[in-house]
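Residue numbers (my numbering): 11 to 240. Comments concern the structure below.
Listed below in structure tokens is the structure:
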């Protein structure tokens, strides 16, 4: 693999954020929740954790639950466990400062979590909820469908092409790209869908200035090429 470091500055009308792994570090809770689910059904937790990130809970339960299990009821049980467990949830570095610099009408959260879980995790991390939140409760198709990002852009009155999406998971990156938005990968996701995209380690280097009703966004990007060729 090769990588190129680039200082990026772009003007857009909206920023769209994934939540888990992008704004909020909920790794500890996620692992506890899915390990409990796996133990309850005698499943391999590592297989579940390898694919659960960025997906709606019910989709993961449906994939792994043994035959005869009521998927909807089990998903609700998992979600209730997650909502009630906020121990260890922290903001991704730079998230508090970045969100504080944004106008309320200029950003949204698009998450595979339900609304109650999103509110619980954002509150636990000490982060504000935006006026526009598109959760798992609001879409017919979860990520990698672009439905959530398209809905968020529409609610903000922005064309998808005039927005930046910050995402950390493969399903979310695919959703963001399919929406037509500029996509910035947060963290270490090395899926083929992230090749050539702007990438930041976290949000500490992202700066936003308001200019004539638009957002001037700057960040130090790393672009990685040749994924999967080693």
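Don't be surprised by glycine CBs; every beta carbon is placed ideally from N, CA and C. Because the structure is a prediction, the values reported are computed rather than measured.
- Per DSSP, the continuous beta strand (DSSP E) segment holding residue 24 begins and ends at 24-27.
- When beta bridges are read from the DSSP output, residue 229 appears opposite 18.
- According to the DSSP assignment, residue 107 belongs to the alpha helix (DSSP H) that extends over 105-110.
- Judged by DSSP in its simplified three-state form, residue 192 adopts strand.
- Taking each of 222, 48, 234 and 215 in turn and checking the Cα distance to residue 107, the smallest one comes out for 215.
- Of the residues assessed, residue 168 falls on the buried side of the cut-off, its CB having 16 or more other CB atoms within 10 angstroms.
- Counting of Cβ neighbours within 10 angstroms places residue 221 among the exposed residues, the total staying below 16.
- A Cβ-Cβ contact shorter than 8 angstroms links residue 148 with residue 161.
- Within the DSSP bridge table, the entry for residue 117 names 25 as partners.
- Using a C-beta cut-off of 8 angstroms, the segment 59-72 makes contact with the segment 167-187, since at least three inter-stretch Cβ pairs fall below that distance.
- Taking all protein chains in view, the Cβ of residue 29 is crowded by 16 or more other Cβ atoms within 10 Å, so the residue is classified as buried.
- Of the residues assessed, residue 33 falls on the buried side of the cut-off, its CB having 16 or more other CB atoms within 10 angstroms.
- Between the C-alpha atoms of residue 139 and residue 16 there is a straight-line separation of about 31 angstroms.
- In the displayed model, residue 142 falls within a strand according to three-state DSSP.
- Boundaries of the beta strand (DSSP E) around residue 174: 173-177.
- Residues 43, 47, 67 and 71 of the same chain have their beta carbon placed closer than 7 angstroms to that of residue 88, with the five preceding and five following residues left out of the count.
- Exclusion of the five residues before and after residue 212 leaves 102, 103 and 104 as the residues of its chain whose Cβ lies within less than 6 angstroms of its Cβ.
- Note on geometry: alpha-carbon atoms of residue 95 and residue 197 lie some 24 angstroms from one another.
- When rounded, the separation of the alpha-carbon atoms in residue 199 and residue 85 is 26 angstroms.
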